[in-house]
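A.B. asks: All residue numbers for the sequence shown refer to the numbering used here, where the first residue is 2 and numbers rise by one.
Take a look at this one; I'll ask things after.
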Amino acid sequence: MSFEYPEAKILAAQLDETLKGKTIESYNLRDYEKLQKIGFLNKNLDDFRQLVGRHVLGSGSSGNTIRVRLDGAMNFMLAPEYGGVILYHKAGEEAKYHILLRFAGGDSLTVRLTSMGLVYAARDEQLNGLYMYKRDYLGAPNPVDLSAKQFSKLVACRGTQLKPIIVGKDAVMTGLSNSAFQDVLWRAGIHPHRKASELTPAKLDALYSAIKDLVEERLRLGGKDEVVDLFGKAGGYTPKMGPNMKDLCCPRCGVAVEKMAHGGGQVYFCPGCQK
Ligand SMILES: [Zn+2]
2 MSFEYPEAKI
12 LAAQLDETLK
22 GKTIESYNLR
32 DYEKLQKIGF
42 LNKNLDDFRQ
52 LVGRHVLGSG
62 SSGNTIRVRL
72 DGAMNFMLAP
82 EYGGVILYHK
92 AGEEAKYHIL
102 LRFAGGDSLT
112 VRLTSMGLVY
122 AARDEQLNGL
132 YMYKRDYLGA
142 PNPVDLSAKQ
152 FSKLVACRGT
162 QLKPIIVGKD
172 AVMTGLSNSA
182 FQDVLWRAGI
192 HPHRKASELT
202 PAKLDALYSA
212 IKDLVEERLR
222 LGGKDEVVDL
232 FGKAGGYTPK
242 MGPNMKDLCC
252 PRCGVAVEKM
262 AHGGGQVYFC
272 PGCQK
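Written out as structure tokens, the structure reads:
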């Protein structure tokens, strides 16, 4: 249930609208020891004290990292990359959390990481030293900011398989993970083993369009169906290809969907129409 570019963008917009102008009155951390040990939280928990008394100026996202900007040059950074639940609660409501921010008036925000991810309190001058900020804000462009021409230019001659081109630290765009990878390859009818340099210009165009369409549909439908928004509502987008297609037949050609280990994860694909 990874957060990718569309889900982060949807959540950031909701956070912007809901939290803007609110003042953080207090915070609380729970069951954080394991997360802190792995490095998913600030090493020094006292850093979170710097959030108290701050006003929320706004929120935005790049890649799959969300930045909640506060006055006093502070930021609350959220990257629930491989799974997390970020919820807004009216006074009196609550959910299981790793960190809770309570606002003046009693409403609160809870964040729970269910897999790898990051929750950070950081001053503006610390941002450039944060891995997720460097990767998502200062690195490769967001999928929507890359033109078809730029995409072809960056991808066409690469002798590598497509996954590291679309997903991960060396990708030509930021914010997409294995979920989007499986989906766009099925949409474009491309086998996961195919190398970029083997694609015809038409297939490259199909891949670029598949990425654009995927992002646009997910944004329009409120994100993936396995991810909930700030108010607990699940997204309306069901992946075209992925674990949800296990034991099913391809809706395009009728061949049984297969799974294989690929690029450090599991990938579902259709051997019938992904060539
Ligand atoms: Zn098929």
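Quick reminder that beta carbons are idealized off the backbone N, C-alpha and C, glycines included.
The model shown is predicted, which means the values in this text are computed figures rather than measured ones.
Tell me the DSSP secondary structure of A197 in three-state form.
C.D. replies: The residue you call residue 197 lines up with position 196 of the sequence shown. Here A197 sits in helix by DSSP.
A.B. asks: For ligand 1, is there a heavy atom less than 7 Å away from the beta-carbon of V216?
C.D. replies: Translated into positions along the sequence shown, residue 216 becomes position 215. The answer is no for V216.
A.B. asks: For Q267, which residues in the same chain have their Cβ closer than 7 Å to its Cβ, ignoring the five residues on either side in sequence?
C.D. replies: To locate residue 267, count along the sequence shown from 1; it is residue 266. Only K260 meet the Cβ criterion.
A.B. asks: Assuming M78 and L131 make a contact with CB atoms under 8 Å, what is their CB distance in whole Å?
C.D. replies: On the sequence shown, position 77 is the one that residue 78 refers to. On the sequence shown, position 130 is the one that residue 131 refers to. About 7 Å separates the two Cβ atoms, so the contact holds.
A.B. asks: Nearest CA to the CA of P144: which residue from I167, A157, R159 and G160?
C.D. replies: Here residue 144 corresponds to residue number 143 of the sequence shown, with the count starting at 1. The candidate whose alpha carbon is nearest that of P144 is I167.
A.B. asks: Can you tell me which of K150, G169, R103 and G273 puts its alpha carbon nearest to the alpha carbon of A207?
C.D. replies: Start at 1 with the first residue of the sequence shown, and residue 207 comes out as number 206. Residue K150 is the option with its Cα nearest to A207.
A.B. asks: For G243, verify whether its CB is less than 7 Å away from any heavy atom of ligand 1.
C.D. replies: For the purposes of this step, residue 243 is taken as residue 242 along the sequence shown, with counting starting at 1. Not so, every heavy atom of ligand 1 lies at least 7 Å from the Cβ.
A.B. asks: Between A92, S116 and A141, which lies nearest to G106 when the distance is taken from Cα to Cα?
C.D. replies: Position 105 of the sequence shown holds residue 106. Among A92, S116 and A141, the Cα nearest to that of G106 is on A92.
A.B. asks: Figure out for me which residue from D137, Q37 and G255 has the closest Cα to the Cα of S178.
C.D. replies: For this step, residue 178 is matched to residue 177 along the sequence shown. Out of D137, Q37 and G255, D137 has the C-alpha closest to the C-alpha of S178.
A.B. asks: DSSP has V120 in a bridge; who is on the other side?
C.D. replies: In the sequence shown, counting from the first residue as 1, residue 120 sits at position 119. According to DSSP, which records beta bridges pairwise, V120 is partnered with L42 and L79.
A.B. asks: What are the boundary residues of the beta strand (DSSP E) that R68 is part of?
C.D. replies: Stepping through the sequence shown from its first residue, residue 68 is reached at position 67. Counting along the chain, the beta strand (DSSP E) containing R68 begins and ends at T66 to L71.
A.B. asks: Pick out every residue whose C-beta is nearer than 6 Å to a heavy atom of ligand 1: which are they, in chain order?
C.D. replies: Cβ-based neighbours of ligand 1 within the cut-off: C251, R253, C254, V256, C271, G273 and C274.
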